[in-house]
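Input: a single structure, listed below in structure tokens.
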């Protein structure tokens, strides 16, 4: 009985730990704070790895925990990434979301407007939607930073609770 309980605890820990590892690796590879990627996944899907949204006004769909829009499918096909692989591989989904955000940062700068483009695109007509989305992400991100600062035995000065709370409107995400 003890062995099965230990196995269950180890399994549940590994299931919970694996997704955060995905955010950490994707963040490292794309130079994006993993907590920012986590904030996006929380807003987009509530961290549901196989989430599908077919309610977009333009007829496109969003899939997986990072809600990758189907407009990216043609380009993702070059990397052998399909809708099915995004839905069945949570780490690949996170990595793809980081790729989308990194492209926004490269094209438009590392700023909250680029974060808003993750959801609303770059069109000038979507600036209000983009800003509202960025505001939501910033709020979630601030909570995650505060949580990390409170739980860390040796918080990084940039993630110190006082610093986070005094910097509610950072100039750029992930810094």
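Residue numbers (the working numbering): -5 to 169. Using N, Cα and C, we set each Cβ at its ideal position, and we do this for glycine too. Quick caveat, the model's predicted, so the values are computed rather than measured.
For residue 113, the three-state secondary structure derived from DSSP is helix.
Under the 8 angstroms Cβ criterion, the stretch 28 to 37 counts as touching the stretch 123 to 136, having at least three qualifying pairs.
With contact defined as three or more Cβ pairs closer than 8 angstroms, the stretch 112 to 121 and the stretch 40 to 47 are not in contact.
Non-local beta-carbon contacts of residue 92 in its own chain, meaning distances under 6 angstroms to residues more than five positions away in sequence, involve 20, 24, 26, 31 in chain order. For residue 62, the beta-bridge partners assigned by DSSP are 57.
From the listed residues 29, 13, 61, the smallest Cα separation to residue 142 is found for 29. Of 57, 127, 112, 13, the smallest CA-CA separation from residue 95 is found for 112. A contact is defined here as three or more CB-CB pairs under 8 angstroms, and the stretch 75 to 87 meets this definition with respect to the stretch 54 to 65. When secondary structure is reduced to three states using DSSP, residue 120 falls in the helix class.
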